[in-house]
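*Asks:* Residues in the sequence shown are numbered from 503 upward in steps of one, following my numbering.
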Amino acid sequence: MKEIAIAELLGDGIGPELRESLYAVMDVMPQKFKLIPFDLSVENRESGDRDLFKKVGAAMNEHKLAIKYPTVTRTSSPNGIIRRMCNFSVILRPVISIKGIKSNFTEQVFLNIVRVATGGTYDDPGRMIGKDAAVSIRIVERDPCRQAARYAFEFARKKKLNVTSSSKHTIQRATDGLFEAVVVEVHKSFPDIKHRVELFDALLAKIILKPEDYQVVLVLNEYGDFLSDMASGLIGSIGTGASGNFSFTEDDKVDIAMFDPAGGTAPDIAGKNKCNPTAILLAFGMLLDHINRYDLGHELRLAMLSAIAAGECTGDIGGKLGTREFTQVVIDRLKGKL
503 MKEIAIAELL GDGIGPELRE SLYAVMDVMP QKFKLIPFDL SVENRESGDR DLFKKVGAAM
563 NEHKLAIKYP TVTRTSSPNG IIRRMCNFSV ILRPVISIKG IKSNFTEQVF LNIVRVATGG
623 TYDDPGRMIG KDAAVSIRIV ERDPCRQAAR YAFEFARKKK LNVTSSSKHT IQRATDGLFE
683 AVVVEVHKSF PDIKHRVELF DALLAKIILK PEDYQVVLVL NEYGDFLSDM ASGLIGSIGT
743 GASGNFSFTE DDKVDIAMFD PAGGTAPDIA GKNKCNPTAI LLAFGMLLDH INRYDLGHEL
803 RLAMLSAIAA GECTGDIGGK LGTREFTQVV IDRLKGKL
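1. Measuring alpha carbon to alpha carbon, tell me which of D529, L802, I810 ends up nearest G821.
2. Tell me which residues share the same chain as Y796 and place their Cβ nearer than 8 angstroms to its Cβ, disregarding the 5 neighbours each side in the sequence.
3. Less than 8 angstroms between the CB atoms is what I'm expecting for G471 and P596, so what's the real figure, rounded?
4. Could you check what DSSP says for A635 in three-state terms: helix, strand or coil?
5. Below 8 angstroms between beta carbons: does that hold for V611 and P713?
6. What is the DSSP secondary structure of E510, reduced to helix, strand or coil?
7. Once DSSP output is grouped into helix, strand and coil, what is the label at N614?
8. Could you give the residue range of the beta strand (DSSP E) that holds L720?
9. Going by C-alpha distance, which of R640, E564, I771, F540 is nearest T677?
10. So what does DSSP say about F748, is it helix, strand or coil?
11. Take the Cβ of N794 as the centre, count every other Cβ of all protein chains shown within 10 Å, and call the residue buried at 16 or more, exposed below.
12. Return the chain-ordered ranges of every beta strand (DSSP E) run that is complete within the stretch 567–595 and spans a minimum of 3 residues.
13. Threshold first: 4 residues or longer. Then list the alpha helix (DSSP H) segments lying entirely within the stretch 689–734, N to C.
14. Assuming the contact rule is C-beta atoms closer than 8 angstroms, A733 and F748 should be a hit. Round their C-beta distance to whole Å, please.
15. Go ahead and pull the three-state DSSP assignment for V832.
16. According to DSSP, which residues form a beta bridge with L784?
17. For D678, which three-state DSSP category applies?
18. Does the distance from the CB of E656 to the CB of I569 come in under 8 angstroms?
19. Suppose the cutoff is 6 angstroms on Cβ atoms and the five residues either side in sequence are ignored; what does the same chain contact list for L736 look like?
20. Under three-state DSSP, which class holds G821?
21. Between which two residues does the beta strand (DSSP E) carrying M528 extend?
22. According to the neighbour-count rule (16 or more other Cβ atoms, all chains shown, within 10 Å of its Cβ), is F590 buried or exposed?
23. Following the continuous beta strand (DSSP E) through P646, name the residue where it begins and the one where it ends.
24. Please state whether the Cβ-Cβ distance between V718 and A658 is less than 8 angstroms.
25. Tell me the rounded alpha-carbon separation between D762 and R585.
26. Looking at the unbroken alpha helix (DSSP H) that takes in F867, where does it start and where does it end?
27. Please look up how many angstroms separate the CB atoms of L840 and V637, rounded, as I've assumed it's under 8 angstroms.
28. If you draw a straight line from the alpha carbon of R652 to that of L663, how long is it in whole angstroms?
So, in structure tokens, the structure goes:
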């Protein structure tokens with residue numbers, strides 16, 4: 503079986519412990535991987551290696567796969583640099599209820615948020631107009647919207663899901679109107695996929711009222727940011743998710759894919775065997791799906807989720823296990839399944 507190369511983007515805080523957990527799980531996989539590490543810790547980034555991100559970009563362009571650990575953004579955002587360098591235009595953020603994690607919301611959530619990763623107001627920090635006013639420019643471009651829409655419909659087709667696109671097109675007629683027009687055009691190539699349009703403010707309420715109606719939600723940049731955190735709050739944990747970041751070829755096929763866990767560097771628990779590796783393992787599961795090893799991704803998720811449901815989990819979600827102990831439980835549950 504061919505070894506698969508992955509650019510590994512090291513980080514700060516709990517990063518080394520997440521890495522240890524990931525390596526332990528990778529070791530029991532029948533598919534073998536070669537990890538090419540790059541140190542993106544804040545100390546290394548500030549040490550003066552001007553070619554660091556150039557080397558990272560070259561590796562990601564060569565191998566087309568990357569996995570990234572949490573990083574400190576004291577002076578710059580590695581995520582932002584990498585996103586611009588690799589031209590990531592789409593983010594996939596699954597938000598799915600996990601049995602065993604306590605939540606004030608009792609309904610089951612099964613959302614796959616596909617977010618246009620460029621434009622909106624996030625690409626323009628804005629500027630002051632005198633002392634009493636400020637302005638920022640909101641840009642929405644056709645190509646990223648088309649790539650996100652195509653990705654969303656293809657994802658929905660593979661998983662047999664519906665798609666909801668959401669914006670404020672009745673108010674933001676030019677920007678959000680362009681987005682919805684592009685989505686409608688792309689949908690013509692996917693007549694078998696159910697698609698509907700919702701106004702974004704109404705969508706937030708409807709997901710709470712009837713979450714079972716929403717499976718793939720396609721949104722512009724800042725809307726995706728808001729929706730991801732709200733949905734994560736519904737399932738009871740912001741730090742147990744993962745994301746996929748994608749760039750595309752000229753014919754709208756995925757080119758480079760980077761997967762990373764939700765949550766930050768958690769310096770207060772770094773090195774104490776207290777961090778929860780669920781998010782990095784979910785990121786790895788997304789990577790397995792991306793390389794068409796759905797079988798392995800499914801078994802990994804099943805092992806993790808069944809462990810959490812049984813109360814065999816880390817302290818942040820109500821368990822008593824440390825990072826290493828939880829990882830071992832997952833590995834034990836994988837035995838005989840791969």
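Positions of the beta carbon are idealized from the N, C-alpha and C atoms, including for glycine.
*Replies:* From the atom records:
1. For this step, residue 821 is matched to residue 319 along the sequence shown. The residue with the shortest Cα to Cα distance from G821 is I810.
2. On the sequence shown, position 294 is the one that residue 796 refers to. The answer, listed in chain order, is L790.
3. Residue 471 lies beyond the range of the chain shown here (503 to 840); nothing can be said about it.
4. For this step, residue 635 is matched to residue 133 along the sequence shown. If DSSP states are grouped into helix, strand and coil, A635 belongs with the strands.
5. Within the sequence shown, the letter at position 109 stands for residue 611. Within the sequence shown, the letter at position 211 stands for residue 713. In this structure, P713 lies closer than 8 angstroms to V611 by Cβ.
6. Mapped onto the sequence shown, residue 510 falls at position 8. Three-state DSSP puts E510 in a strand.
7. On the sequence shown, position 112 is the one that residue 614 refers to. The answer is strand: DSSP assigns N614 an E or B state.
8. For the purposes of this step, residue 720 is taken as residue 218 along the sequence shown, with counting starting at 1. From DSSP, the beta strand (DSSP E) with L720 extends over 718–721.
9. For this step, residue 677 is matched to residue 175 along the sequence shown. Of the listed residues, the one whose Cα sits closest to T677 is R640.
10. By one-based count along the sequence shown, residue 748 stands at place 246. Looking at F748 - three-state DSSP - the assignment turns out to be strand.
11. Position 292 of the sequence shown, counting from 1, holds the residue named residue 794. N794 comes out exposed.
12. 567–570
13. 702–711
14. Reading the sequence shown from its first residue, position 231 is the one you call residue 733. Reading the sequence shown from its first residue, position 246 is the one you call residue 748. In fact, because the Cβ distance is near 20 angstroms, the residues do not count as touching under 8 angstroms.
15. Within the sequence shown, the letter at position 330 stands for residue 832. Here V832 sits in helix by DSSP.
16. For the purposes of this step, residue 784 is taken as the residue at position 282 of the sequence shown. In the DSSP output, where bridge partners are listed per residue, L784 has none listed.
17. Residue mapping note: residue 678 aligns to position 176 of the sequence shown, counting from 1. In this structure, D678 counts as helix in the three-state DSSP scheme.
18. The residue given as residue 656 occupies position 154 in the sequence shown. The residue given as residue 569 occupies position 67 in the sequence shown. No; because the gap between Cβ atoms is not below 8 angstroms, this pair is not in contact.
19. As a first step, residue 736 must be located in the sequence shown, where it is residue number 234. Closer than 6 angstroms at Cβ, skipping near neighbours: F607, V611.
20. Residue 821 sits at position 319 when you count from the first residue of the sequence shown. G821 falls in the coil class under three-state DSSP.
21. Translated into the one-based positions of the sequence shown, residue 528 becomes position 26. Careful: M528 lies outside any beta strand (DSSP E), inside the alpha helix (DSSP H) at 517–529.
22. Stepping through the sequence shown from its first residue, residue 590 is reached at position 88. So F590 counts as buried.
23. Along the sequence shown, read from residue 1 onward, the residue named residue 646 stands at position 144. Element bounds for P646: not the beta strand (DSSP E) but the alpha helix (DSSP H), 644–661.
24. Counting from one through the sequence shown, the residue named residue 718 turns up at place 216. Counting from one through the sequence shown, the residue named residue 658 turns up at place 156. Yes, they are a contact pair.
25. Along the sequence shown, one-based indexing puts residue 762 at 260. Along the sequence shown, one-based indexing puts residue 585 at 83. Each residue's Cα considered, the two are about 12 angstroms apart.
26. Nothing about residue 867 can be reported from this structure: the residues present for the chain run from 503 to 840 only.
27. Against the sequence shown, residue 840 aligns to sequence position 338. Against the sequence shown, residue 637 aligns to sequence position 135. L840 to V637, Cβ: 55 angstroms. No contact.
28. For this step, residue 652 is matched to residue 150 along the sequence shown. For this step, residue 663 is matched to residue 161 along the sequence shown. If I take the Cα positions, the gap works out to 14 angstroms.
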